[in-house]
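>
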Amino acid sequence: MARVLAADITPPRRVDSLIFDVDGVLWDTTGSYDPAIVQTIDLLAKHMGRDDLSGQVGESDLRAMRLAGGLNSDWDLTYVVLVALLAGWKDLGAAAAATRGRGRVWAEEQRGFGANLEFELLQYWFDLVYWGSERIGGVLDTPPFHVVDLPGTWHAERPLVTASLLDSLRLLGIDAMGIATGRPLIELQTVLDNGPLLDYIDFDCMCRGDILKKPDPAVVSWCVDRMRSRLPAQRARALTILYSGDTRDDLDLVLNYDRWDAREPSASLWIGAVSVVPESEFGLFLEAGAAACIDHVSELPAVVQEFQVRTGTLHE
26 MARVLAADIT PPRRVDSLIF DVDGVLWDTT GSYDPAIVQT IDLLAKHMGR
76 DDLSGQVGES DLRAMRLAGG LNSDWDLTYV VLVALLAGWK DLGAAAAATR
126 GRGRVWAEEQ RGFGANLEFE LLQYWFDLVY WGSERIGGVL DTPPFHVVDL
176 PGTWHAERPL VTASLLDSLR LLGIDAMGIA TGRPLIELQT VLDNGPLLDY
226 IDFDCMCRGD ILKKPDPAVV SWCVDRMRSR LPAQRARALT ILYSGDTRDD
276 LDLVLNYDRW DAREPSASLW IGAVSVVPES EFGLFLEAGA AACIDHVSEL
326 PAVVQEFQVR TGTLHE
């Protein structure tokens, strides 16, 4: 495991609050979402008579798109990748750079270049692959069509966070926790049903993708308002928050908040980004403005501890 803190960032007070992304931070989706993206692209390509596009997407291509930003969900990511392929892009890394973080907006501009694809159709196929033919009827209230024998990739998901890790964060002075995820309610529910989160984070402090979408800075205010309401009045005046996320959009959420006209002054709210990314990307995220980088959520207590030392509220 690895971690690094930005040398020039020190919170104004001790860190007392945390907001988490879910996928890639609290929840391991390496066996679910990425395979669902690839399978959806292959199935839709075949359905559209473009068998030549099957097998063209690798893990590095998906990572490049996520690093480019501008993607609110894996529906968006799947759509942008497939549109790029339909439009004739052979190098998906180059296509990711060409999006300039505009995601679906860029994809819509490719229409008319052989990339005519309805987003709602792709969304249905992705959900079918992710949930599987047995569960999709209960999820979407409609029977599957075209393909009826998919097992679903969601079964492969596992928790990354443990109760003991969350306990250790509390012992370091964390009083409030929230979640900001792109998952809609039904997808978040599978996480809550199979992990310890509800014992530590109030459900009403969980901002989902069907409420607000990252990197809209209003997501931060939404979480903060609800986290404050659950603290004693004397503790709710000022919050010092670390937000942990695994994509460029997660980092942009924090950066956008810092530039937002409606942001609170740092005397009442300070937020820094902890990017949960491969060690090879630490430099990239630190240069972009992350307060710290870790390669696994298990490193978060050490990051909190180091920031507490920097603020003089904890001695080594």
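When you read off a place in the sequence shown, starting at 1, and then add 25, the result is the number in the numbering used here.
Glycine is no exception: its CB is placed at the ideal position from the N, C-alpha and C atoms.
Whole angstroms is fine: what's the gap from Gly157's alpha carbon to Ser57's?
Translated into positions along the sequence shown, residue 157 becomes position 132. Translated into positions along the sequence shown, residue 57 becomes position 32. Roughly 11 Å separates the two Cα atoms.
> Could you round the C-beta distance between Val244 and Leu267 to whole angstroms and report it? I think they count as a contact, below 8 Å.
On the sequence shown, position 219 is the one that residue 244 refers to. On the sequence shown, position 242 is the one that residue 267 refers to. Going by Cβ atoms, the distance from Val244 to Leu267 rounds to 15 Å, so no, they are not a contact pair.
> Quick one: grab the DSSP three-state call for Asp200.
Your numbering for residue 200 matches position 175 in the sequence shown. In the structure shown, Asp200 sits in coil (DSSP, three-state: anything other than H, G, I, E or B).
> Taking only the alpha-carbon atoms, compute the straight-line gap between Ile161 and Asp76 and give it to the nearest angstrom.
By 1-based counting over the sequence shown, the position of residue 161 is 136. By 1-based counting over the sequence shown, the position of residue 76 is 51. Computed Cα separation, rounded: 25 Å.
> Which residues does DSSP list as the beta-bridge partners of Gly270?
As a position in the sequence shown, residue 270 is number 245, starting the count at 1. Answer by DSSP bridge pairing, in chain order: Ser300.
> Excluding the 5 residues flanking Leu223 on each side, which residues of the same chain have their C-beta closer than 8 Å to its C-beta?
For the purposes of this step, residue 223 is taken as residue 198 along the sequence shown, with counting starting at 1. So the list reads Leu217, once near-sequence residues are dropped.
> Roughly how many whole angstroms lie between the Cα atoms of Val328 and Ala317?
The sequence position of residue 328 within the sequence shown is 303, counting from 1. The sequence position of residue 317 within the sequence shown is 292, counting from 1. One C-alpha to the other measures close to 7 Å.
> With distances taken between CB atoms, is the gap from Leu185 to Asp59 smaller than 8 Å?
One-based indexing of the sequence shown puts residue 185 at position 160. One-based indexing of the sequence shown puts residue 59 at position 34. Not in contact: Leu185 and Asp59 (Cβ atoms no closer than 8 Å).
> Let me confirm a value: Asp274 is counted as buried when at least 16 other C-beta atoms fall within 10 Å, else exposed. Which label applies?
Within the sequence shown, residue 274 is the residue found at index 249, counting from 1. That one is buried.
> Measure how close the beta-carbons of Arg108 and Leu117 come, nearest whole angstrom, since I'm counting them as under 8 Å.
Taking the first residue of the sequence shown as position 1, residue 108 is located at position 83. Taking the first residue of the sequence shown as position 1, residue 117 is located at position 92. Per the sequence shown, the amino acid found at residue 108 is Val instead of Arg. Not quite, the Cβ-Cβ distance comes to about 11 Å (not below 8 Å), so this is no contact.
> Please report the Cβ distance between Trp114 and Gln148, rounded to the nearest whole angstrom; I am assuming they are in contact, meaning their Cβ atoms lie under 8 Å.
If you number the sequence shown from 1, residue 114 lands on position 89. If you number the sequence shown from 1, residue 148 lands on position 123. Wrong, their Cβ atoms sit about 21 Å apart, outside the cutoff.
> With a threshold of 8 Å, are at least 3 pairs of Cβ atoms found where one atom belongs to the region 232-251 and the other to the region 280-287?
Contact between the region 232-251 and the region 280-287 is present, because at least three Cβ pairs lie under 8 Å.
> Got a sec? Which residues, its chain only, sit under 7 Å from Ala313 by beta carbon, not counting five neighbours each side?
Position 288 of the sequence shown, counting from 1, holds the residue named residue 313. Excluding positions up to five away in sequence, the list reads Leu276.
> Note down, in chain order, each residue of its chain lying with its Cβ closer than 6 Å to the Cβ of Leu43, except the 5 sequence neighbours on either side.
Locating residue 43 in the sequence shown gives position 18, counting from the first residue. Within the same chain, Leu43 has close Cβ partners Ile199, Met202 and Leu267.
> Compare the C-alpha of Leu210 against each of Asp192, His180, Met231 and Ser193 and name the closest.
Start at 1 with the first residue of the sequence shown, and residue 210 comes out as number 185. The shortest Cα separation from Leu210 among Asp192, His180, Met231 and Ser193 belongs to Met231.
> Reducing DSSP to helix, strand and coil, say where Ser85 ends up.
In the sequence shown, counting from the first residue as 1, residue 85 sits at position 60. Helix at Ser85.
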